[in-house]
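A short worksheet on the structure shown next.
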Amino acid sequence: MRDRRLTAANGRVAAAHLRGQVEAEAFVEGAARQLTVPVADLLRAPDGKRDRQLLAGQVVTVFEEQDGWAFVQAKHDGYVGYLRAEALGAVREATHRVCARATHVYTEPDFKSADRMSLSIGSELRVLREQDGYAKIPEGFVPLAHLRELEPESDPVSVAERLLGAPYLWGGNSAFGIDCSGLVQAGCMACGIECLGDSDMQQAAFPDAQGGYQRGDLLFWKGHVAWVADAEALLHANAHHMAVSYEPIGEAIRRIEEQGDGPVTGHKRVGTPT
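Heads up, the sequence shown is in my numbering, so the first residue is 4 and it goes up one at a time.
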């Protein structure tokens, strides 16, 4: 049975490569579009439940637009869902990524000028030029100190640590609200490591760890995942603290089991960038 989260088909349309594998009225190649707003919910159905979120600059393939909704598949992880069509625009090749927890887009290369929007860590931008310590992008100016070129970072946990204290949000993928699997994906994507969107997908994709806990390992429970920060501590976005927080490994294992969510179901080791 196909995972609907990764299957670009809704009955009316389907991705062309799925011809003969799913039923649909039409099979289409789709068109590439890019998110033009800071954050957008990727919904299970129009006006439906949020599954995940997309960030500014991320690219999707649009298979259908109907009644203001776009049926899309995200390029970075293959997740399928619905976005407001107005949140999408033409693709501009990104040159940089926001590496700070969050940043502002200013009207001028001056932190005292008006700010136009806030962007989360992981947002991808096209820098046109540099000016007075700022990067000029089509929407305005971003501090260069908050950006880095698209080459991968080396430590996914250090990326996740920049989100310490960020509020918990089910299905969230940004500094303004993030969940457990979103925190894992944020660290992996910044380091060039392929990573799917939900914790069950991540558990299935990463190999089992051999030996004791190491920084960068992942611990899984039913419906939850946490980074191993070191041999004694976890870093995870969790509803208990309603934030990204550190927690002693032993205490977290006991607490989660006592709350009825069961024992650890997996100890995985994140691979090197691909």
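Built from N, CA and C at the ideal position, the CB exists for glycine as well. Since the structure is predicted, the reported quantities are computational estimates derived from the model, not experimental observations.
Who are the Cβ neighbours of residue i in its own chain at under 7 Å, not counting the five residues just before and after it?
{"i": "G81", "result": "L9"}
{"i": "E96", "result": "R129"}
{"i": "E281", "result": "In this structure the chain extends from 4 to 277, so residue 281 is not present and cannot be described."}
{"i": "E111", "result": "F144"}
By a C-beta neighbour count over all protein chains shown, 10 Å radius and 16 as the cutoff for buried, is residue i buried or exposed?
{"i": "S184", "result": "buried"}
{"i": "Q24", "result": "exposed"}
{"i": "M41", "result": "Reading the sequence as shown, one finds Pro at residue 41 and not Met. Flag for P41 reads buried."}
{"i": "A35", "result": "exposed"}
{"i": "H243", "result": "exposed"}
{"i": "S157", "result": "exposed"}
{"i": "L45", "result": "buried"}
{"i": "R55", "result": "buried"}
{"i": "T277", "result": "Legend: pLDDT at T277 = 39, less than 50; position of this residue unreliable, no value from coordinates given."}
{"i": "G174", "result": "buried"}
{"i": "D113", "result": "exposed"}
{"i": "A148", "result": "exposed"}
Judging by CA-CA distance, which residue of the options is the nearest neighbour of residue i?
{"i": "P159", "options": "R218, R129, A242, E261", "result": "R218"}
{"i": "P146", "options": "A163, P266, D118", "result": "D118"}
{"i": "A77", "options": "W230, L86, M4", "result": "L86"}
{"i": "V162", "options": "R100, F223, H243", "result": "R100"}
{"i": "P210", "options": "R257, D50, H270, R53", "result": "H270"}
{"i": "V62", "options": "L131, G33, P170, G71", "result": "G33"}
{"i": "E68", "options": "R55, R53, K52, A88", "result": "A88"}
{"i": "R258", "options": "L237, L153, A207", "result": "L237"}
{"i": "G274", "options": "Y249, I256, A208", "result": "A208"}
{"i": "E133", "options": "K52, E152, N13, K115", "result": "E152"}
{"i": "Q206", "options": "W224, G195, G215, Y216", "result": "W224"}
Excluding the five sequence neighbours on either side, which residues of its own chain have a C-beta within less than 8 Å of the C-beta of residue i, listed in chain order?
{"i": "L166", "result": "R104, I124, A178, I181, L186, A189, A240, V247"}
{"i": "S121", "result": "P41, A105, T106, H107, V108, F179"}
{"i": "H79", "result": "Q61, V62, M192"}
{"i": "I140", "result": "V108, L128, R129, V130, L131"}
{"i": "D70", "result": "P49"}
Closer than 6 Å by C-beta to residue i: which residues in its own chain qualify, once you throw out the five before and the five after it? Chain order, please.
{"i": "H20", "result": "none"}
Round the Cβ separation of residue i and residue j to the nearest angstrom and send it over; I've been treating them as touching at under 8 Å.
{"i": "Q37", "j": "V83", "result": "With a Cβ gap of about 17 Å, Q37 and V83 do not count as contacting."}
{"i": "A43", "j": "A90", "result": "5 Å"}
{"i": "A59", "j": "V65", "result": "Actually they do not touch by this definition, with Cβ atoms about 17 Å apart."}
{"i": "M245", "j": "P170", "result": "7 Å"}
contact_flag[the stretch 190-199, the stretch 254-265] where n(CB pairs < 8 Å) is 3 or more: no
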